[in-house]
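Visitor: Counted the way our numbering counts, the sequence shown spans residues 243 to 898.
Every residue gets a Cβ at the ideal spot worked out from N, C-alpha and C, and that includes glycine.
Since the model is a prediction, treat every value here as computed from it, not as a measurement.
Can you keep this structure in mind? I'll have questions shortly.
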Amino acid sequence: MGRKLDPTRKEKRGPGRKARKQRGAEVELARFLPPEPETGRKKLSSHGRKRAAKRRLGAGSGLAGRRPLRGRGGEREPTGQTAHGRSGFSDGNSKWLALVKAKKNQPKGNHIELSSDGEVEEGSWEMEEDRSSEEMVDDYGASSSEEEELLPIEKAALKQKPDREGLNEDDSEEEDEEGEEAEKASKQKMGQKEEEGADLQLNLDIDEQFKLPTSEEIEKEDILFILFPPAEPPDLHVIHQRIQGNVEVLQDFGVKREEGRSRQEYLALLRRDMAAYYSYSDFLLTKLMDIFPLPELINFLEANEVPRPVTIRTNTLKTRRRDLAQALINRGVNLDPLGKWSKTGLVIYDSTVPIGATPEYLAGHYMLQGASSLLPVMALAPQENEHILDMCCAPGGKTSYIAQLMKNTGMILANDSSAERLRSVVGNLHRLGVTNAVVSNCDGRQFPKVLGGFDRVLLDAPCSGTGVISKDPAVKTNKDEKDILRCAHLQKELILSAIDSVNAASETGGYIVYCTCSIMVEENEWVVDYALKKRNVRLVATGLDFGKEGFTRFKDRRFHPSLKSTRRFYPHMHNMDGFFIAKFKKFSNAIPQTQKDEEPAVEAAAPSAVPDTIIMEPLPKKKKLEGSKADEEQKLPQPALKKKRSLQAQRRPLKA
């Protein structure tokens, strides 16, 4: 009828039926692991401490009526004896204590069980022997009584077992003390070495300062480099350390310089090392050293080696920045707002999709545009229903931004002298949904004759590109003095044309914004100062809260004090491309006469006794006609000019 429940017998509840058939883990592991060395006494529990106290109290009564233990060979082992004969066990009886402490699972099954009062139970030794004789079978049918093969590391552990057992507590304590002393000695040695190293480093810093190589050594290095070029490039780490040491000396030149060495020698070596380390031409480095202090110059050169972050401008004609950001985040784009100064810009950190090929880009929701190119349009501040001229518009980023701020009202004339670059302008304007723009292909210098009377003009003049070296590293070496002066001459012509194209009587406008992606003074402050002298304009605030002020003096040049209102932007300071922005306000449409034209007029008006009829003689007209004829003759080819002069000679009357 089923099994009867025996309440006195409680089976252990394990993880499963098969687990209850197996022996404990301590029994199985004891067959493979070597026993731990007995270096100290085992910690007793509370019951063990009570039993030990009872044994101390009953130590005088002895152990006369107890049976001796049986050893492995069946022989009886003697109990503890003193010099006076047989006595009970105590803490001094080492053999008895060794047997009590040997409560460990031996590989062959030698176990001893103690009763609740610390005595050895009768028959426990025989029970352990019977258990060890039984054959154990695991879940897979393998016999556990068979000797399993041991790994080499286990055999080595078994060999070390006698050595471990031979060590007593005193030896282990001595070894611990010796180990602690050795550790202290090693720490003291390490501390001494560190102190010596620190002292040595201080001595090196104090004694071995930067030493400038002689001119002979430099010439020798150059000759060897030319005649026997090395198979490997020069050690840039050594050059970089030399640059840092040179800069430190130049910052405190009076104290750290070598005797008999001039500042020019240090600067020449620094220029040479920076040209080798950063791959710049000597001309460009000389220009940059005139613009920046030495520590700031190093930061500028380092910033040019790192690309600027990718930025986009939201097209508010089709979407909002919040919606665009959410759509791009859903496509796996990591982005952030560009800054507090921009309400439409976003900076892209990384993306799982190409930024220039997303559906949002193709739909015209945003424009890939650098952060620095947003600033000129913000300074221009176009208003609705105005007529605006973008004189150099390609590739159309600024033009579309102007249309966005005007909400497709008014009229924008997008002009560029390159017909090929206008193709990208037309494509971007169509994609972004700009409907108030007219595209033209004219030379900006002739533009006032083509069309004028604009409310505002934006001139992003062509330049040397020294502010965008991170995008075009070729600028480091392919620019010279002629290129800078050629760009400056073109910029002067364009800025006069831009000023002439603006209507000073405009109710809302009359502003001109001049900007370049260059940091050269010849292309920025020099051009602005030239425009202030040649036209009736003045500089006004750009409306930008950040940026560095323009130069009012540079080397031996002195510019107008109002150039403080211009703004410079650097990659190492603002994390954007190098840029220059100036904003003019035109207050008169009249063109002031040059000083050369004013001088003869003053000389003619000086003598008051001369009649007015003589003053009004058409002498200047004859000079102009003669000048115009001379110009026409210079334009004629040489054969035609000879024929014309021969005909004139034939018509002249002969002298009597």
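1. Candidates VAL489, TYR608 and ILE711: which alpha carbon is nearest LEU188's?
2. Quick check: the Cα distance between ASN657 and VAL699, rounded to an integer number of angstroms?
3. When we look at the beta-carbon of PHE829 and count the other beta-carbons within 10 Å, is it buried (16 or more) or exposed?
4. From TYR508, GLN506 and TYR520, pick the residue whose C-alpha is nearest to that of HIS482; which is it?
5. Helix or strand or just coil, what does DSSP make of GLY789?
6. Pull up the DSSP beta-bridge partners for ASP578, would you.
7. Quick check on MET531: does DSSP put it in helix, strand or coil?
8. Starting from CYS729, trace the alpha helix (DSSP H) in both directions and tell me its first and last residue.
9. Do you know how far the Cα of ARG780 is from the Cα of PHE826?
10. Check each candidate in HIS289, LYS582, LEU786 and ASP578 and name the one with the smallest Cα separation from VAL589.
11. Thinking ARG809 and LEU786 are a contact (beta carbons under 8 Å), I'd like their distance in whole angstroms, please.
12. May I ask which residues mark the beginning and end of the beta strand (DSSP E) holding LEU701?
13. Just to confirm my understanding: we take ALA613, look at its own chain, exclude 5 residues before and 5 after, and list those with CB closer than 7 Å. What are they?
14. Can you say whether GLN733 is buried or exposed, counting buried as having 16 or more other CB atoms within 10 angstroms of its CB?
15. For HIS629, which option in GLY574, ARG665, HIS731 and ILE754 has the closest C-alpha, if you only look at C-alpha atoms?
16. Tell me, please, whether the CB atom of LYS713 is closer than 8 Å to any CB atom in chain B?
17. If I follow the unbroken alpha helix (DSSP H) through ALA645, where does it start and stop?
18. Figure out for me which residue from THR750, GLU723 and GLY639 has the closest Cα to the Cα of LEU530.
19. Helix, strand or coil: which one does DSSP assign to ILE654?
20. Assign ARG777 to one of three DSSP states: helix, strand, or coil.
21. For VAL681, which three-state DSSP category applies?
22. Below 8 Å between beta carbons: does that hold for SER712 and PRO549?
23. Do you know how far the Cα of VAL497 is from the Cα of ALA599?
24. Tell me, which residues are paired with ARG810 by DSSP?
25. Kindly indicate which residue of ALA703, LEU617, TYR591 and SER593 has the alpha-carbon position closest to the one of LYS582.
26. Between which two residues does the beta strand (DSSP E) holding MET516 run?
27. Excluding the 5 residues flanking ASN831 on each side, which residues of the same chain have their C-beta closer than 6 Å to its C-beta?
28. Quick one: Cα of ALA398 to Cα of LEU299, how far?
29. Taking 8 Å as the cut-off, decide whether the C-beta atoms of CYS634 and GLY686 are in contact.
30. Going along the chain, which residues of its own chain have a beta-carbon closer than 6 Å to the beta-carbon of GLU547, five neighbours each way excluded?
31. Just checking my contact of ASN670 with PRO637 at CB under 8 Å: how many whole Å lie between their CB atoms?
32. Between VAL807 and the rest of its own chain, which residues show a CB-CB distance below 6 Å, the 5 nearest in sequence each way excluded?
33. Measure the alpha-carbon distance for LEU526 versus ASN488 and round it to whole angstroms.
34. For ARG564 and ASN557, what's the separation of their Cα atoms in angstroms?
35. Using alpha carbons as the reference points, say which of LEU701, GLN611, ILE654 and LYS691 lies closest to VAL681.
36. Helix, strand or coil, according to DSSP, for ASP494 in the structure here?
Guide: A quick look at the data gives this:
1. Residue 188 falls outside the range modelled here, since the chain spans only 243 to 898, and no answer is possible.
2. 11 Å
3. exposed
4. TYR520
5. coil
6. VAL589
7. helix
8. 723-742
9. 6 Å
10. ASP578
11. 6 Å
12. 698-702
13. THR553, LEU580, GLY587 and MET818
14. buried
15. ILE754
16. No chain B appears in the structure shown, which is made up of a single protein chain.
17. 639-648
18. GLU723
19. strand
20. coil
21. strand
22. yes
23. 59 Å
24. LYS790 and PHE822
25. LEU617
26. Per DSSP, MET516 belongs to no beta strand (DSSP E); it is in the alpha helix (DSSP H), 505-520.
27. ALA746
28. 45 Å
29. yes
30. none
31. 6 Å
32. The sequence shown places Ser at residue 807, rather than the Val named in the question. Hits under 6 Å: LEU781 and ALA783.
33. 19 Å
34. 12 Å
35. ILE654
36. coil
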